[in-house]
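Numbering (our numbering), first residue to last: 107 to 394.
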Ligand SMILES: [Fe+2]
């Protein structure tokens, strides 16, 4: 039985800022503003920050290293998708209708039991998920300590009929981030044993889902297209860094000690730490 304290944190915004190297800042900004529903909150030379449901930046677009560069077409680790979460079907449907004409590619729509999700690639090929959670009381049964996510078809036309103009006014947060990793077992050991996230589900040897607490996942990692691969070159578009905002300074400290215990160098800055994960992504852990 989940404690009331844990349930009170179930839908917290844990993923903070996702930082992307971009080739065309204007093109990308237009997608995240007009499609996803974010709003520019800061601009500083080659860097534009966009915020969503609250003032904390969700996306940082940085064109300083990859301006005009081509996307990477060979297998690589990095971002599988950034998953923007809307509070209801009306706002999710409105965001899907806005994003579809601006995205590079539509990649599918799924009912995961815990959530309903639509997948795109942004104009530079970064994976995007738009989704809404079902209430916890509707989540599928699972073995103790795990979550009963599944993948079934989603009736997209029925969802789109629920789009409303009020839904257009609703900004998302980021509910989870999903990474492409070179080795799922290594990623699981890193995020569970060193950082301290809870393992919530595993899809055989090729995907794992972890969370702070009871959420279905704040971080996913799969090796479907990236087994044995290395990161994209740092002068090409793609994931540069991401932030997880934990619920306490104690949790951040414990992660820092776990990482150092595993031989991972950690930079400390007040209540935040930064490090490179197993696939060389820069990660910041802070307190929300
Ligand atoms: Fe996802």
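Here a beta-carbon is modelled for each residue, glycine too, at the ideal position from N, C-alpha and C. Computed from a predicted structure; not experimentally measured.
How about residue i and residue j: are their beta carbons less than 8 Å apart?
i	j	result
residue 199	residue 269	yes
residue 134	residue 207	no
residue 281	residue 173	no
residue 211	residue 201	no
residue 344	residue 184	yes
residue 115	residue 326	no
residue 277	residue 143	yes
residue 205	residue 236	yes
residue 312	residue 329	yes
residue 394	residue 351	yes
residue 342	residue 177	yes
residue 335	residue 390	no
residue 160	residue 128	no
residue 265	residue 195	yes
residue 191	residue 239	yes
residue 246	residue 254	yes
residue 301	residue 171	no
residue 182	residue 338	yes
residue 148	residue 139	no
residue 358	residue 365	no
residue 225	residue 187	yes
residue 124	residue 324	no
residue 309	residue 383	no
Could you tell me the boundaries of the alpha helix (DSSP H) in which residue i lies?
i	result
residue 232	First-last for residue 232: undefined, no H or E at that position.
Looking at the unbroken beta strand (DSSP E) that takes in residue i, where does it start and where does it end?
i	result
residue 281	279 to 286
residue 374	373 to 375
residue 382	378 to 382
residue 389	388 to 393
Contact defined as beta carbons within less than 8 Å: I believe residue i pairs with residue j. What is the distance between those atoms, to the nearest angstrom?
i	j	result
residue 316	residue 306	6 Å
residue 279	residue 158	6 Å
residue 392	residue 349	6 Å
residue 209	residue 273	Going by Cβ atoms, the distance from residue 209 to residue 273 rounds to 18 Å, so no, they are not a contact pair.
Query raised in the report: In chain order, which continuous runs of the beta strand (DSSP E) of length 3 or greater are located wholly inside the segment 169 to 215?
Result: Counting only runs of 3 or more, we get 184 to 192.
Query - Unbroken stretches of the beta strand (DSSP E), 3 residues or longer, contained in the segment 305 to 357 - result: Annotation: the segment 305 to 357 contains the following complete segments of the beta strand (DSSP E) (minimum length 3 residues), in chain order: 313 to 317, 325 to 328 and 344 to 352.
Query - Runs of alpha helix (DSSP H) wholly within the segment 115 to 152 (minimum 4 residues, chain order) - result: The segment 115 to 152 contains these whole alpha helix (DSSP H) runs: 131 to 136.
**Report entry** Segment contact flag, the segment 284 to 296 with the segment 255 to 264, C-beta cutoff 8 Å, min 3 pairs
**Finding:** Touching, no.
Query raised in the report: Looking at C-beta atoms only, is the number of pairs between the segment 244 to 258 and the segment 215 to 227 that lie closer than 8 Å three or more?
Result: These segments touch.
Query raised in the report: Which runs of the alpha helix (DSSP H), 4 residues or longer, sit entirely within the segment 240 to 304?
Result: Runs found: 262 to 266 and 290 to 294.
**Report entry** Given 8 Å, three or more beta-carbon pairs between the segment 232 to 248 and the segment 158 to 172
**Finding:** Segments in contact, no.
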